[in-house]
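Since the structure comes first, as structure tokens, the remarks are kept for the end.
In the working numbering, the protein residues as written are 375 to 641.
The structure is reproduced here in structure tokens:
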């Protein structure tokens with residue numbers, strides 16, 4: 375479809391406005407992390423890096439960062455294992471209830487985070503706590519894994535649907551067993567989708583706030599929760615800007631790498 379010159383200009387202007395609305399506030403946060411004043415006044419009169427130093431030496435920030443890394447890493451490993459297995463089951467086999475299971479696997483990413491958080495909170499407090507499993511790091515990891523699985527599942531399932539199964543059959547005809555065929559033929563075929571899904575899962579877990587609020591016990595803070603709890607403290611505002619800037623960059627890297635991996639596969 376060919377567009378007129380005026381239509382192209384209109385689309386470019388509209389796209390530019392949308393991008394500005396999304397990214398200018400993020401750039402302002404990054405800029406304010408170097409603002410020497412605590413009020414975040416704009417335009418910035420004096421730049422400094424002392425808030426970054428203060429953030430690095432802030433014990434609460436370092437503990438929250440370590441908690442975020444642990445939760446995101448374990449949730450990503452769980453998502454990679456379970457998401458890939460479910461993707462294989464739904465892609466390679468036909469059975470009763472297949473479409474229903476596909477819907478149930480994807481549903482957590484569509485549900486509001488507060489619904490998932492409340493459901494998990496009630497489950498742990500009313501069902502699991504009497505059994506000795508209360509709210510803790512485990513509950514946070516479970517909460518994050520519920521939606522991280524979808525990231526891996528979608529990527530792996532899409533790739534498996536495009537793979538040539540004749541290559542696997544040829545490998546087994548030549549004497550390779552199931553394990554050897556998987557690691558030498560099947561896994562290399564969906565490896566980039568597997569890694570891309572893991573990167574997206576890690577980024578999603580690292581940034582999660584709502585589900586964490588309902589599944590974390592008092593005193594346990596991830597980096598986003600630390601930001602949320604300190605936003606109302608004026609003396610912490612510059613450090614909050616620093617942590618927010620770190621989260622912006624930390625989120626962009628895995629998403630960028632994931633896009634590169636999936637983009638290379640389309641060439």
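For glycine and all other residues, C-beta sits at the position ideal for the given N, C-alpha and C.
Next on the checklist: Assuming the contact rule is C-beta atoms closer than 8 Å, residue 405 and residue 576 should be a hit. Round their C-beta distance to whole Å, please.
Outcome noted: Taking the first residue of the chain shown as 1, we reach residue 405 at position 31. Taking the first residue of the chain shown as 1, we reach residue 576 at position 202. With 8 Å as the limit, residue 405 and residue 576 do not qualify as a contact, their Cβ atoms being about 27 Å apart.
Checklist entry - Is residue 421 helix, strand or coil by DSSP? => result As a working mapping, residue 421 is identified with position 47 in the chain shown. DSSP places residue 421 in strand when its eight states are reduced to three.
Item to check | 6 Å CB neighbourhood of residue 381 in its chain, flanking five on each side removed | outcome: Residue mapping note: residue 381 aligns to position 7 of the chain shown, counting from 1. Answer for residue 381: no residue qualifies.
Checklist entry - How about residue 526 and residue 571: are their beta carbons less than 8 Å apart? => result As a position in the chain shown, residue 526 is number 152, starting the count at 1. As a position in the chain shown, residue 571 is number 197, starting the count at 1. Yes, they are a contact pair.
Checklist entry - Leaving out five residues before and five after residue 629 in sequence, what residues of the same chain have Cβ atoms less than 6 Å from its Cβ? => result Stepping through the chain shown from its first residue, residue 629 is reached at position 255. Contacts found: 577.
Item to check | Cut-off 8 Å between Cβ atoms - residues of its own chain near residue 558, not counting five sequence neighbours on either side | outcome: As a working mapping, residue 558 is identified with position 184 in the chain shown. Taken in chain order, the residues that qualify are 545, 550.
Checklist entry - Does the Cβ of residue 407 have 16 or more other Cβ atoms within 10 Å, making it buried, or fewer, making it exposed? => result Here residue 407 refers to the residue found at position 33 of the chain shown. When all chains shown are included, residue 407 counts as buried.
Checklist entry - In chain order, what residues of the same chain have a beta carbon less than 6 Å from the beta carbon of residue 632, not counting five sequence neighbours either side? => result Here the question's residue 632 lines up with position 258 in the chain shown. Within the same chain, residue 632 has close Cβ partners 570, 573, 574.
Next on the checklist: Would you call the region 581 to 599 in contact with the region 423 to 443, where contact means no fewer than 3 C-beta pairs closer than 8 Å?
Outcome noted: yes
Checklist entry - Roughly how many angstroms separate the alpha carbons of residue 583 and residue 387, rounded to a whole number? => result Position 209 of the chain shown, counted from the start, is the residue given in the question as residue 583. Position 13 of the chain shown, counted from the start, is the residue given in the question as residue 387. Taking the straight line joining both Cα atoms gives about 33 Å.
Checklist entry - What does a CB cutoff of less than 6 Å around residue 456 pick up in its chain, not counting 5 residues either side in sequence? => result Indexing the chain shown from 1 puts residue 456 at position 82. Result list for residue 456: 523, in chain order.
Checklist entry - Taking Cβ positions, are residue 428 and residue 585 nearer each other than 8 Å? => result Counting from 1 along the chain shown, the entry for residue 428 is found at position 54. Counting from 1 along the chain shown, the entry for residue 585 is found at position 211. No.
Item to check | Rounded distance between the beta-carbons of residue 465 and residue 535, thought under 8 Å | outcome: Locating residue 535 in the chain shown gives position 161, counting from the first residue. Locating residue 465 in the chain shown gives position 91, counting from the first residue. About 6 Å separates the two Cβ atoms, so the contact holds.
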